[in-house]
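Taking it in order: structure first as C-alpha cells, then the write-up.
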Amino acid sequence: MEDSSSLIVTPQVTEEYTPSKGMEFASEEEAYTFYNEYARRAYFGIRKEYGNKCRKTKVLTSRRLVCDREGLRGKDVRDHKTNRARAKSRCGCDARMTVILNRDTKKYIVSEFVQEHNHQLHHSSTVHMIRSQRKMSVAQEIETDIAYDSGIRLKDTYQFFSTQVGGCDGLGYISRDQKNYLRTKRQRSLKYGEAGSLERYFSKKLKDNPSYYYAIQLDVDEQITNIFWVDARMQIDYNLFGDVLTFDTTYGTNRAARPLGVFLGLNHHRETVVFGASLLYDETIESFIWLFETFLEAMNAKKTSNNIY
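Just so you know, we're using my numbering here: the sequence shown kicks off at -8 and counts up by one.
What follows is the structure, encoded as C-alpha cells:
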C-alpha cells in the first residue's frame, strides 16, 4: 500500500498543456476540457468538485476541478458483506485547478493550480480507460442506438463490440458508459419548455400547499435526471399506514418512456394508497439510492419498522 503521507509525484507535461495562474478561458466547459487534456497527458483522472453560482443571475462564478483521488471515502456500509477489502479509490490528493469568473471580461481565470499528487499516476497504456478520459465515439453511439432500438440487451451489445476490437480495452469505454449514454439521450429529450413547465407546476403546488414537497436531481451538466414529489395527503397516509410499503416501477411500460415509480401501501380498509411518486430517467442503483433517501427526507426520516418491497 502506497504511503500517501510522504509520496509526492509531479507530472511532467509540456508548458503548452500545463495550467498556470492567470490563464483565461471563455467558458467553464473550455476550462474543464483544458484541464482534462492536461490530466490525460499527466496520466490521472479528474472530476468536478463544486461550483458557486450567483443567486440572482444563476451564472457560475467559480468551479474547482480536482484529481479523482481527492478526498477520502466514508465507511461503506457494504464492507461487512464483502469477502475481501475494497480498493481505496481516494487518498486525499490535493492536485486541483480552480477558475473564477471575471465579471468585467466574462472570462474564467485560473486562480489556483496545485500540480503535486500524493499517489502514483496511471500508466500511459491505461489512461484512456479513466472515467474522465473515457468517451464513446459518434460511430459507437450510433451502433449502440441501433442495437438498443433492435431490442438487443446492452450487456450483449457491449460484449459483441468488444470482440470486434480484440477486448474491452480497445473500445475506450466500459459497459456503464453505454448505459449512461442512453440515459443522457433520454435526459436531452426533456426540452427546456417541458422542464420549465415542471418547475412552474411544482412551484404553484408549493405555493398553494406549503406541505407539498418535491425534489429534482441534476447531473454534473445540470440536466434533469430524476424527479420526486409528494403532497400533504400522501404524507398523512404514510404517517398512518406507512409501516409496510412497496415501490413499483411497472407503470412505465414503454421502453422509451421514463419509468414512473410510486410508493404504495394499504390503508385500514385494505385499499391502495399512494405515499409518493417519481419520474426516473434510468433504473440504476444511484437513482434508487437518491430516490429512497429523498423519500425519507420528505417524510421527516420516519424509519421505525418500515419495510420496502
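Using N, Cα and C, we set each Cβ at its ideal position, and we do this for glycine too.
On a predicted model such as this, the values are computed, not experimentally measured, just so you know.
Around the C-beta of residue i, are 16 or more other C-beta atoms found within 10 angstroms, so that it is buried, or is it exposed?
| i | result |
| --- | --- |
| Y61 | The sequence shown places Glu at residue 61, rather than the Tyr named in the question. By the 10 Å Cβ count, E61 comes out buried. |
| S128 | exposed |
| G236 | It should be noted that the sequence gives Leu, not Gly, for residue 236. Buried. |
| F291 | Before going further, note that residue 291 is Asn rather than Phe in the sequence given. Exposed. |
| N258 | exposed |
| P10 | buried |
| L162 | buried |
| C45 | exposed |
| D341 | Outside the shown range of the chain, which is -8 to 300, sits residue 341, and nothing can be said about it. |
| R191 | exposed |
| T48 | exposed |
| G142 | exposed |
| G158 | exposed |
Output the distance between the C-alpha atoms of residue i and residue j, rounded to the nearest integer angstrom.
| i | j | result |
| --- | --- | --- |
| E5 | R31 | The sequence given here has Thr at residue 5, not Glu. About 12 Å. |
| G42 | S269 | 27 Å |
| C82 | N171 | 26 Å |
| E103 | M14 | 10 Å |
| Y23 | L56 | 7 Å |
| Y164 | G233 | 43 Å |
| I137 | T154 | 18 Å |
| F25 | T117 | 20 Å |
| S18 | K39 | 15 Å |
| L197 | A223 | 10 Å |
| S194 | V221 | 13 Å |
| N93 | Q3 | 30 Å |
| D160 | T96 | 43 Å |
| F279 | E7 | 43 Å |
| R54 | F16 | 12 Å |
| T285 | N217 | 11 Å |
| F238 | L231 | 17 Å |
| Y150 | V156 | One detail in the question is off: residue 150 reads as Gln in this sequence, not Tyr. When rounded, the distance between both Cα atoms is 10 Å. |
| V101 | D59 | 19 Å |
| I215 | L189 | 11 Å |
| E20 | I37 | 14 Å |
Could you tell me which of the options sits nearest to residue i, measuring between CA atoms?
| i | options | result |
| --- | --- | --- |
| D168 | I121, E103 and F104 | I121 |
| M317 | K198, F266, H259 and E274 | Lying outside -8 to 300, the shown extent of the chain, residue 317 is not represented and no answer is given. |
| S(-3) | T285, L251, E28 and C84 | C84 |
| T275 | A289, P250, F286 and D160 | P250 |
| K176 | Y139, Q124 and F35 | Y139 |
| T1 | Y203, E132, K47 and F35 | F35 |
| S123 | A33, G158, V101 and R174 | A33 |
| V50 | Y99, I227 and I37 | Y99 |
| W281 | N230, D228 and F219 | F219 |
| A86 | F279, T52 and I(-1) | I(-1) |
| P201 | T285, N230, S166 and A289 | A289 |
| A130 | F238, Y29 and F152 | F152 |
| T240 | I215, T285 and Y272 | Y272 |
| L173 | T52, S115, L255 and I133 | I133 |
| T135 | G158, S166, H114 and H119 | S166 |
| T52 | T89, Y229 and F238 | T89 |
| G229 | N217, I215, F254 and T285 | One point to set straight first is that residue 229 is Tyr, not Gly, in the sequence displayed. Ranking the options by Cα distance to Y229, first place goes to F254. |
| L112 | G157, G158, S80 and V156 | S80 |
| I227 | N217, Y203, I37 and T216 | Y203 |
| S29 | G157, H260 and H119 | A quick correction: the sequence has Tyr, not Ser, at residue 29. Nearest of G157, H260 and H119 to Y29, Cα basis: H119. |
| K126 | L231, K12, F238 and N27 | N27 |
| K12 | I91, C58, G252 and I37 | I91 |
| F283 | G252, H260 and G256 | G252 |
For residue i, write down the residues that DSSP places opposite it in a beta bridge.
| i | result |
| --- | --- |
| Y205 | W220 |
| L56 | K39 and M88 |
| S153 | Answer by DSSP bridge pairing: none, since S153 is not bridged. |
| Y99 | F16 and L92 |
| H259 | In the DSSP output, where bridge partners are listed per residue, H259 has none listed. |
| L282 | For L282, which the question treats as bridged, DSSP gives no partner whatsoever. |
| G267 | F254 |
| K301 | Outside the displayed span of the chain (-8 to 300) sits residue 301, for which this structure offers no information. |
| H108 | V0 |
Stretch-stretch touch, CB-based, cutoff 8 Å, three pairs: the stretch 103 to 118 with the stretch 140 to 153: no
Inspect the CB distances between the stretch 195 to 211 and the stretch 251 to 265 and report whether three or more fall short of 8 Å. no
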